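Colleague: Per this note's numbering, the very first residue in the sequence shown carries number 160; after that it's consecutive.
After the structure tokens below, expect a handful of questions from me.
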Amino acid sequence: MTTADIGAGRRRITAARGPALRCKGWRQEALLRMLENVLEVGERPEDLVVYAARAKAARNWPAFDAIVRALLDLEENETLVIQSGKPIAVFPSHRMAPLVLMANSNIVGAWATRDNFDAYEAAGLTVWGGYTAGDWQYIGSQGIVQGSYEAYAAVAREHFNGDLRGRLLVTAGMGGMGGAQPLAATMLGAACLVVEVEPERIQRRIATGYCEKMATDLDDALAELDEARKRGEGLSIALVGNAAEVLPELVRRGITPDVATDQTAAHDLLRGYVPPGLTTAERDALASSDPDKLRDLVLDAQARHMEALLAFHQKGAVVFEYGNLLRKHAAERGVSNAFDVPVWMDRYIRPLFCRGIGPFRWVAVSGEDSDINTLDEMLLEMFPDSPTIPRWIPLARKHIRTQGLPARIAWLGHGERAKFAVAVNDAIAEGKLIGPIAFTRDHLDSGSVAQPLRETANMQDGSEAIADWPFLCALLDATGMADLVALHGGGAGYTGLRQSSGVTGIADGTPEARERLDHVFTMDSGIGVLRYADAGYPEAIEAVGKTGLRRILV
Ligand code: NAD
């Protein structure tokens, strides 16, 4: 680990690379590098914030240091226990047991309110782990870009004959996840306008190849996008501005995009969304001095923002919420038709989830780019008939630059994940890959989340709020001998709104890793397919039959 002081006692962490072990084994070392990596690629690492305004890698710096010490000392037959970013204990376990078990930001049902979360966090009792921050799996915007691409591709297939050439896509938010939007849009040929209040965030996305241009004038941006649209060429322009002002201005001008959505951190009324008239720093000051006033301003702004999206919707644009609670907050402010707009998961992604296809990803913890290339080749060879892989991998290779440790996201389905992870472990054993490779997936997957306003919105059997599935998923992951298993509740703006689980499995070329990876990535996506089959989705019932899952019918 490199840890540099960046002034005022603030630290910047980068992940270790290379063959030298600091821990007592590669499994421990890989998890330590994953922890370092989420801070290397995170949005505000000096505050341990990885993404989504408040999602943290550890409780505080002393807890971070204690986790690092524990991982350095951890034997391969021990298990480290972490509670909301704070290490609690190391238990003697056994060589096939998880090395790390975590529970992050879980609060008992009736107590799980936004205000209680803020109070518990202020009292030092919890922090929010997001999906992939608290369990050290975030890989930067490259981890979400395929999700955005799959959503936009589904929009293109359904509404625009397969691509977005000649189409204007308007969105906002260029943060950790939102920053992937312009690249995903231009991969499909769209002319993409992204509104973002913070020029620094825009510059960061331009520097890392996620966005092409920055503009400060709406007219200039629109004119340039119009030209690109007429030529049928993809172009992304990020406009410095506030979405709650720019989108209503587009409505006033009678400009209706073809596609519109949003990825500002609208979920967090105190630290996520910036209301018009305030800078981010002024918003932060008001969050401390007068949180009620700030909440009021933000809810008003989100209502105006949502009204503009609804106006686009009414004029025929394809509009969807990107799962950031914009509809919920607007509805709280009296925008009664906010839920006329669907959420992307329910509208475009569910058919993939029914087959266990979701955001699987891997990290070359050695730092070796060549391993990612070899894995790309293996994927193309192993899954020529996949609905995602032959299309995605060439695009990813062409457009996505490495952020942090070399990594790749590729939406693989149930059966495919275990097969691939085992093949990778074999390739390490045979010396064809340097390794080790850490496999994870996003929590926004088929079996690992219940979030009634997003991933599980409008389940056809009404099971959207049934949280047994992510618990079962985590239990199965531990039974399957994953290296890290985490159970996350919703925190910050998502308090009380979701339950999810995360998993990491390390391929190090050993026979034990082969056994672990096979079990864990079979059970992990298997419970997802079974859950959708249980809800009666025909695609899932068919996938159960095709993949040999032993479903019990009652
Ligand atoms: P982030 O905090 O890293 O970035 C948010 C960005 O929004 C910041 O750059 C901020 O400056 C900008 N912003 C805030 N208010 C604005 C305004 N009024 N106008 C323009 N820009 C504004 O957050 P992130 O990690 O990018 O995530 C964004 C949101 O998308 C979150 O709510 C997240 O939960 C959601 N999301 C959901 C899914 C899903 O459905 N599973 C997937 C990805 C992201």
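Idealized CB from N, CA, C, for every residue including glycine.
Since we're looking at a predicted model, the values are computed, not measured.
Where does cysteine 370 fall in DSSP's three states?
Modeller: Residue 370 sits at position 211 when you count from the first residue of the sequence shown. The answer is coil: DSSP assigns cysteine 370 none of H, G, I, E or B.
Colleague: Which partner residues of cysteine 351 appear in the DSSP bridge assignment?
Modeller: Sequence index remark: in the sequence shown, residue 351 carries index 192 (1-based). Looking at the DSSP assignment, cysteine 351 forms a beta bridge with Leu328 and Ser395.
Colleague: Taking the alpha carbon of leucine 469 as the reference point, which residue from Asp277, Ser545 and Val418 has its own alpha carbon closest?
Modeller: In the sequence shown, residue 469 corresponds to position 310, counting from 1. Selected option, being the one with the closest Cα: Val418.
Colleague: Buried or exposed: phenylalanine 598, going by 16 or more other Cβ atoms within 10 Å of its Cβ?
Modeller: Taking the first residue of the sequence shown as position 1, residue 598 is located at position 439. Buried, since its Cβ has 16 or more Cβ neighbours within 10 Å.
Colleague: Shorter than 7 Å, the distance from the beta carbon of leucine 456 to the closest heavy atom of ligand 1, or not?
Modeller: For the purposes of this step, residue 456 is taken as residue 297 along the sequence shown, with counting starting at 1. Result no, Cβ not under 7 Å from ligand 1.
Colleague: In whole angstroms, what is the alpha-carbon distance linking alanine 393 and arginine 442?
Modeller: Against the sequence shown, residue 393 aligns to sequence position 234. Against the sequence shown, residue 442 aligns to sequence position 283. Note that residue 393 is glycine in the sequence shown, not alanine. Approximately 34 Å, taken between the alpha carbons.
Colleague: Give the single residue among Ile396, Arg388 and Leu554 whose Cα lies nearest to the Cα of aspartate 379.
Modeller: On the sequence shown, residue 379 is found 220 positions in, with the first residue counted as 1. It is Ile396 whose Cα lies nearest to the Cα of aspartate 379.
Colleague: Using C-beta distances below 7 Å, list every residue in its chain close to isoleucine 625, excluding the 5 sequence neighbours before and after it, in chain order.
Modeller: The residue labelled residue 625 in the question sits at position 466 within the sequence shown. Cβ within range, chain order: Ala609.
Colleague: With serine 660 as the anchor, note down where its beta strand (DSSP E) starts and where it stops.
Modeller: Along the sequence shown, one-based indexing puts residue 660 at 501. First-last of the beta strand (DSSP E) with serine 660: 658-666.
Colleague: Buried or exposed: where does proline 595 fall if 16 or more other Cβ atoms within 10 Å of its Cβ makes it buried?
Modeller: What you label residue 595 is simply residue 436 of the sequence shown in a count that begins at 1. Buried, because 16 or more other Cβ atoms sit within 10 Å of the Cβ of proline 595.
Colleague: Would you mind stating whether leucine 592 and aspartate 530 have Cβ atoms separated by less than 8 Å?
Modeller: As a first step, residue 592 must be located in the sequence shown, where it is residue number 433. As a first step, residue 530 must be located in the sequence shown, where it is residue number 371. In contact: leucine 592 and aspartate 530 (Cβ atoms closer than 8 Å).
Colleague: Beta carbon of asparagine 401: closer than 7 Å to some heavy atom of ligand 1?
Modeller: By one-based count along the sequence shown, residue 401 stands at place 242. Yes, the beta carbon of asparagine 401 sits closer than 7 Å to at least one heavy atom of ligand 1.
Colleague: Answer with buried or exposed for glutamine 562, where buried requires no fewer than 16 other C-beta atoms within 10 angstroms of its C-beta.
Modeller: Looking up residue 562 in the sequence shown gives position 403. Classification of glutamine 562: buried, given that the 10 Å Cβ count is 16 or more.
Colleague: With a Cβ-Cβ cutoff of 8 Å, do valine 304 and alanine 339 count as a contact?
Modeller: For this step, residue 304 is matched to residue 145 along the sequence shown. For this step, residue 339 is matched to residue 180 along the sequence shown. Yes; because the gap between Cβ atoms is below 8 Å, this pair is in contact.
Colleague: For lysine 474 and valine 209, I'd like the C-alpha separation in whole angstroms.
Modeller: In the sequence shown, residue 474 corresponds to position 315, counting from 1. In the sequence shown, residue 209 corresponds to position 50, counting from 1. Approximately 37 Å, taken between the alpha carbons.
Colleague: Name the two residues that bound the continuous alpha helix (DSSP H) containing alanine 446.
Modeller: The residue you call residue 446 lines up with position 287 of the sequence shown. Taken as a continuous stretch (DSSP letters only), the alpha helix (DSSP H) holding alanine 446 covers 439-448.
Colleague: Using a Cβ-based criterion (distance less than 7 Å to any ligand heavy atom), does glutamine 422 qualify as near ligand 1?
Modeller: For the purposes of this step, residue 422 is taken as residue 263 along the sequence shown, with counting starting at 1. Correct: glutamine 422 has its Cβ closer than 7 Å to ligand 1.
Colleague: Span of the beta strand (DSSP E) holding arginine 171?
Modeller: In the sequence shown, residue 171 corresponds to position 12, counting from 1. Segment 170-173, the beta strand (DSSP E) holding arginine 171.
Colleague: With a threshold of 6 Å on Cβ separation, who are the neighbours of tryptophan 185 within its own chain once the five nearest residues in sequence on each side are excluded?
Modeller: To locate residue 185, count along the sequence shown from 1; it is residue 26. Excluding positions up to five away in sequence, the list reads Pro595 and Asp667.
Colleague: Excluding sequence positions up to five away, which residues of its chain have a Cβ less than 7 Å from the Cβ of aspartate 505?
Modeller: The residue labelled residue 505 in the question sits at position 346 within the sequence shown. Hits under 7 Å: Ala616 and Asn617.
Colleague: Excluding five sequence neighbours on each side, which residues of the same chain lie with their C-beta closer than 6 Å to the C-beta of phenylalanine 223?
Modeller: For the purposes of this step, residue 223 is identified with residue 64 of the sequence shown, where counting begins at 1. Once the five neighbours on either side are set aside, the close Cβ partners of phenylalanine 223 are Ala217.
Colleague: At which residues does the alpha helix (DSSP H) containing leucine 534 begin and terminate?
Modeller: Here residue 534 refers to the residue found at position 375 of the sequence shown. Per DSSP, leucine 534 belongs to the alpha helix (DSSP H) from 528-541.
Colleague: Quick one: Cα of valine 688 to Cα of tryptophan 521, how far?
Modeller: On the sequence shown, position 529 is the one that residue 688 refers to. On the sequence shown, position 362 is the one that residue 521 refers to. Looking at the two C-alpha atoms, the distance is approximately 21 Å.
Colleague: Cβ of valine 703 versus every heavy atom of ligand 1: is any distance shorter than 7 Å?
Modeller: Position 544 of the sequence shown holds residue 703. The answer is no for valine 703.
Colleague: How big is the Cα-Cα spacing for leucine 534 and proline 543?
Modeller: In the sequence shown, counting from the first residue as 1, residue 534 sits at position 375. In the sequence shown, counting from the first residue as 1, residue 543 sits at position 384. Rounded to whole angstroms, leucine 534 to proline 543 spans 14 Å at the Cα level.
Colleague: Taking buried to mean at least 16 other C-beta atoms within 10 Å of its own C-beta, is isoleucine 711 buried or exposed?
Modeller: Taking the sequence shown and counting its residues from 1, one reaches residue 711 at position 552. Exposed, because fewer than 16 other Cβ atoms sit within 10 Å of the Cβ of isoleucine 711.
Colleague: For ligand 1, I want to know if glycine 664 counts as a neighbour, meaning its beta carbon is within less than 7 Å of at least one of the ligand's heavy atoms.
Modeller: On the sequence shown, residue 664 is found 505 positions in, with the first residue counted as 1. No - ligand 1 has no heavy atom lying nearer than 7 Å to the Cβ of glycine 664.
Colleague: Looking only at C-alpha atoms, which of Ser622, Thr681, Glu386 and Ala214 sits nearest to glycine 695?
Modeller: The count along the sequence shown starts at 1 and reaches residue 695 at position 536. For the residues Ser622, Thr681, Glu386 and Ala214, the minimum Cα distance to glycine 695 belongs to Ser622.
Colleague: Going by CA-CA distance only, name the one from Arg709, Val197 and Arg228 that's closest to alanine 214.
Modeller: Looking up residue 214 in the sequence shown gives position 55. Considering only alpha carbons, the answer is Val197.
Colleague: Have a look at leucine 190 and valine 524 and give me their C-alpha separation to the nearest angstrom.
Modeller: As a working note, residue 190 is residue 31 in the sequence shown. As a working note, residue 524 is residue 365 in the sequence shown. Cα-Cα distance, rounded: 9 Å.
Colleague: If you run the structure through DSSP and keep just helix, strand and coil, what is proline 341?
Modeller: Indexing the sequence shown from 1 puts residue 341 at position 182. Note: proline 341 maps to helix in three-state DSSP.
Colleague: Mark lysine 452 as exposed unless 16 or more other C-beta atoms lie within 10 angstroms of its C-beta, in which case mark it buried.
Modeller: Translated into the one-based positions of the sequence shown, residue 452 becomes position 293. Its Cβ having fewer than 16 others within 10 Å, lysine 452 is exposed.
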